[in-house]
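Enquirer: Numbering (this note's numbering), first residue to last: 167 to 984. C-beta atoms are modelled at their ideal positions from N, C-alpha and C, and glycine is treated no differently.
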Amino acid sequence: MLRSMLRDLRAHPGRLAMTLLAVVLSVAFVVASWVFADSLGRTAAEGRARDDVAVLVSAPDRPFTPAQRDRLAALPGVTAARGVVTGRAGFVQDNGKIGEIYDMHRGGTDWDDTRRFSLVAGRAPAGDGQVALEEEAARLGGKRVGDRVRVHLAGGRTRDLTVTGLFTYRMLTGGVPALALPEPAALTLLGGGFAEVELDGPDAAAIAAAVRAAVPGLPAAAVARGADLAAAQRASAREGAEDIRLLLLAFAAVAVLVGTLVIANTFTILVAQRTRQFALLRAVGAGRRQIRRAILAEAGVVGLLGATLGTAGGIGLAHGGLVLLRHAGEAMTFELTPEAVAAGYAIGVLVTVLAAYGSARRAATVAPVAALRTDAAVRRRSLVLRGTAGALAAAAGAGAVLATVGDHPTNTDRVLGIGGVLAVWLGVMLAAPLLVGLVLRPLAALTRHVGGTGLRLAVRNAARDPRRTAATASALMIGVALVCAYATIGASAEQRLVGDIARTVPAGTTILRAPGFAGSLDPGVTAAARATAGVTRTAVLRPVPGTLDGAPAHLRAVDPGTLGGLVHLDVAAGAADPRGGALTTYDPLAADRHRVGDTLPVTLADGTRLSVPVVGRYRANQAVSGILLDATLVPGAAALAPNLILATGDDPGAARAGLRTAFAARPDVLVEDREVNMKILRQAFALTLQILVVLLGMGVIIAVFGVVNTLALSVLERTREIGVARAVGASRRLVRRTVRGESTVIAGYGAVLGVAVGLGVGAVIQHLILEVPVTDAVVPVGTVAAALGGLVLAGVLAAWWPARRAARTEVLAAIAAQ
């Protein structure tokens, strides 16, 4: 029996070609995602972490002097000590701006011969007037070895230096600097001391104890073993890689789901076409179990072959992506693990076998008497049970959704609502065959008067087997629904967040910030902004290094009474100003950790502990976010570098013009209005949507191949019908039109169903996340139009080969078939 099925598979390889392609694409997506994430994790872990430092000592408040470094070097067990200078620095790119990939506040450091630096071009800086640039920053800035660069320093100072080399950087803490200077120049230009001292020696624990004994005032966090810091760096890299893996695999799961539907539909059609073959095998003694096992073995062979090709393709795809990143200047390490290969084979074989199981069971029920039939046929099961199940699931889901449409949904409401939309989606998929009749019967009636013979036949062909049409269209529907759902959520979130900026930041407020949203302004910018002609009011927000409840937190100090008129906070509870306490952010997706009246246990970087009462809660936005602390409660707040300054005057336009003039020669200071921030936000959403569409595109591509597969097998199944039609006068052109029309009807039905489901799902989820009413959800017209038009075009293209094959059917051979 097994040999018979394998021989049949070899004799008709074309009928499973598209199934094989669906398996290959699904597996390739999974394996490529796995390998790419593993490679990123290994690159980050090996390329950035260091293991050549025994103990790292951080300066708590002011930098270590060279004398203090030397005293640390003389401690017992220390074999070498190196100071690490960190200071404000950044260089002007070819476009006249400061780079945004690094924090300019820590953008400069001193060069040494340790593993901190890996020279990739040129030579190390060795004298006055020389500088080395970080490789990625230099590439983005258009700088090469030998170029002259203008370096901006603290206080608005500048130096014109010569680039002698390019480097990559390995770190223990902090970020990657943009440039490195010889130590004497770094001490002179970047702050006059060492932010950290690296100590070498055989016994890290003994050295750490000696440091704490020699410098008793150091906070506990200021002395750390290098091995612990390196392990934390590697763990962070692995965690980031795992997050990327899960994100990519989530989209790969969509492709696998669509592939499963395509495979299941293919085997359903094949079982229908081979009814007489199974009946003859039953008649000569084959048992039901043998038939079932033979079909599952056939599916296993297809899955194994598809998994092999897909795994190889996924590895090649991931490797190609890494090569492109290398050409773009990223040092990437290729990593292939056994888990990635095992995942590919498990997905390929298991998905194919499971998708074919239902068809195998139906084939095993074919009676021997079916061998006497002249046409391939299987028993049509009633759609009542499936339709009823779909209606019940949709009704239950709709009820759950209606129960969560209040103004302020709780987390329980969100879980219930998401479960409800998924239930509705499942109900639509179950009821899809019934919906085929409801949609296509009126269309068939319409084609009696318009559209011609080809369209009329196409609609009838699509409507006469609703299960097949629904299964093919459902694969398309999933991809389109997800694209439309994400687009709806994104468009609604964009409108909400852009609207938040418009409501929160008055048109007359000018925003001063550093390049890069993580950057800090020079401390002198505050005084310069306040001294600008026309500026009468300013609010300065300074990041406060520290923790909340023992965990890192986004803390910002602001002078009380300065926010009014410059920003209108969307207050959820309590006061709109942090005077006497703190304003915490309100997050509808998070539990209420701190309410008005609670006390915040804040620990500053120097170990100072504060108990700050919560006086208000506000909804964060693109312009203002974080926990806002009364600056008078934070020791040394005035000395902290600001990262945001809001300013205005009696004549806001004149104040803005004055600020732009005052900082025209300062590329390290960006002078913006709210429109710029709104534009940046729109661009970010547009880019995110483009990425999502690309990631979801694989599922749509697989679904389109499913349309090709269904049409090709349908043409094969209707060979005799096509021959009869040709014999009574149907032209080749009419046959081609009919097949193309059927493909377009199926693709259009899937697109319409997907758009309807996607818009509904997106509207509900954006309400649960953003608390925007369902009726106020933004319909992404462009995305909807592209989905409908794109799938109709895909339907036409998908029909090219099946239509050509049908039109070339030999009339006499077709009539004699079967």
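Can you find the residues in the same chain that come closer than 7 Å, C-beta to C-beta, to leucine 663, ignoring five residues on each side of it along the sequence?
Expert: Around leucine 663: Asn787, Gln788, Leu847.
Enquirer: Would you report the Cα separation of proline 946 and alanine 952, rounded to the nearest angstrom?
Expert: Proline 946 and alanine 952: Cα-Cα distance of roughly 10 Å.
Enquirer: Quick check: what's the CA-CA separation for valine 701 versus proline 711?
Expert: 29 Å
Enquirer: For leucine 648, name the three-state secondary structure that DSSP assigns.
Expert: helix
Enquirer: Among all the DSSP beta bridges, which residues are the ones paired with histidine 318?
Expert: Gly256, Thr324
Enquirer: Give me, in chain order, the residues of the same chain whose beta-carbon lies closer than 6 Å to that of phenylalanine 829; leave out the 5 immediate sequence neighbours on both sides.
Expert: Taken in chain order, the residues that qualify are Val835, Val837.
Enquirer: Within its chain, find whatever has a CB closer than 6 Å to the CB of glycine 987; leave out the 5 residues flanking it on each side and keep chain order.
Expert: Lying outside 167 to 984, the shown extent of the chain, residue 987 is not represented and no answer is given.
Enquirer: Between which two residues does the beta strand (DSSP E) holding phenylalanine 360 run?
Expert: Here phenylalanine 360 belongs to no beta strand (DSSP E), and DSSP marks it neither H nor E.
Enquirer: Quick test of your reading: valine 517 and glycine 556, contact by CB under 8 Å. State the CB separation rounded to the nearest angstrom.
Expert: Actually they are not in contact, since the Cβ atoms of valine 517 and glycine 556 sit about 23 Å apart, beyond 8 Å.
Enquirer: Looking at the secondary structure, which residues open and close the beta strand (DSSP E) in which arginine 442 lies?
Expert: Premise fails: arginine 442 lies in the alpha helix (DSSP H), 441-449, not in any beta strand (DSSP E).
Enquirer: Quick one: Cα of isoleucine 461 to Cα of leucine 412, how far?
Expert: 34 Å
Enquirer: With DSSP as the reference, please indicate the residues paired to aspartate 276 in a beta bridge.
Expert: Leu347
Enquirer: On a Cα-Cα basis, can you pick out the residue from Val873, Thr324, Leu345, Ser199 that is closest to threonine 477?
Expert: Ser199
Enquirer: Note down, one range per segment and in chain order, each beta strand (DSSP E) of at least 3 residues found wholly within the segment 207-246.
Expert: 221-224
Enquirer: Could you tell me the distance, in whole angstroms, from the CA atom of glutamine 932 to the CA atom of aspartate 753?
Expert: 14 Å
Enquirer: May I ask you to report which of helix, strand or coil DSSP gives valine 544?
Expert: At valine 544 the pLDDT is 46, less than 50, meaning the model places this residue with poor confidence; the figure from the coordinates comes in the next sentence. Correct three-state label for valine 544: coil.
Enquirer: Relative to the C-alpha of glycine 585, which candidate in Ala598, Ala569, Ala597, Leu596 has its C-alpha closest?
Expert: In terms of CA proximity to glycine 585, Ala569 leads the group Ala598, Ala569, Ala597, Leu596.
Enquirer: Would the beta-carbon of alanine 344 fall within 8 Å of that of glycine 253?
Expert: no
Enquirer: Which same chain residues, not among the five before or five after proline 744, have their C-beta less than 7 Å away from its C-beta?
Expert: Val724, Pro726, Val781, Leu794, Leu795, Asp796
Enquirer: So what does DSSP say about serine 777, is it helix, strand or coil?
Expert: strand
Enquirer: Could you tell me if alanine 543 is buried or exposed, where buried requires 16 or more neighbouring beta carbons within 10 angstroms of its beta carbon?
Expert: Interpretation of alanine 543 is limited by its pLDDT of 49, a score under 50 that renders its predicted location unreliable; the figure taken from the coordinates is listed afterwards. With fewer than 16 Cβ atoms within 10 Å of its Cβ, alanine 543 is classed as exposed.
Enquirer: Quick check on proline 608: does DSSP put it in helix, strand or coil?
Expert: helix
Enquirer: Taking 8 Å as the cut-off, does the segment 392-400 touch the segment 327-339 (at least 3 CB pairs, one atom from each stretch)?
Expert: yes
Enquirer: Take alanine 370 as the anchor and find which of Thr245, Pro291, Thr432, Thr280 has the nearest alpha-carbon.
Expert: Thr245
Enquirer: Near proline 779, which residues of its chain fall below 8 Å by C-beta distance, leaving aside the five closest residues on each side in sequence?
Expert: Gly746, Gly747, Ala748, Gly763, Asp764, Thr765, Leu766
Enquirer: Got a sec, what are the start and stop residues for the alpha helix (DSSP H) isoleucine 373 sits in?
Expert: 370-380
Enquirer: Residues in its own chain within less than 7 Å of alanine 912 by CB, not counting five upstream and five downstream?
Expert: The question names alanine, but residue 912 is isoleucine in the sequence shown. The answer, listed in chain order, is Ala628, Thr635, Thr638, Ala639, Val873, Gly961.
Enquirer: Can you have a look at arginine 282 and say buried or exposed, based on whether 16 or more other CB atoms are within 10 angstroms of its CB?
Expert: buried
Enquirer: Helix, strand or coil for aspartate 204? Go by DSSP, reduced to three states.
Expert: helix
Enquirer: Pick out whichever of Asn843, Gly265, Ala376 has its Cα sitting closest to the Cα of valine 221.
Expert: Ala376
Enquirer: Rank Gly620, Arg722, Leu414 by C-alpha distance to the C-alpha of alanine 203 and give the top, closest one.
Expert: Leu414
Enquirer: In its own chain, which residues sit with a C-beta less than 8 Å from the C-beta of leucine 319, not counting the 5 before and 5 after it?
Expert: Gly253, Arg254, Ala255, Gly274, Arg325, Leu355, Leu356
Enquirer: Would you check if the distance between the CB atom of glycine 243 and the CB atom of arginine 289 is smaller than 8 Å?
Expert: no
Enquirer: Per DSSP, what kind of secondary structure is leucine 306 in: helix, strand or coil?
Expert: helix
Enquirer: Give me the Cα-Cα distance between leucine 427 and arginine 208, rounded to the nearest whole angstrom.
Expert: 35 Å
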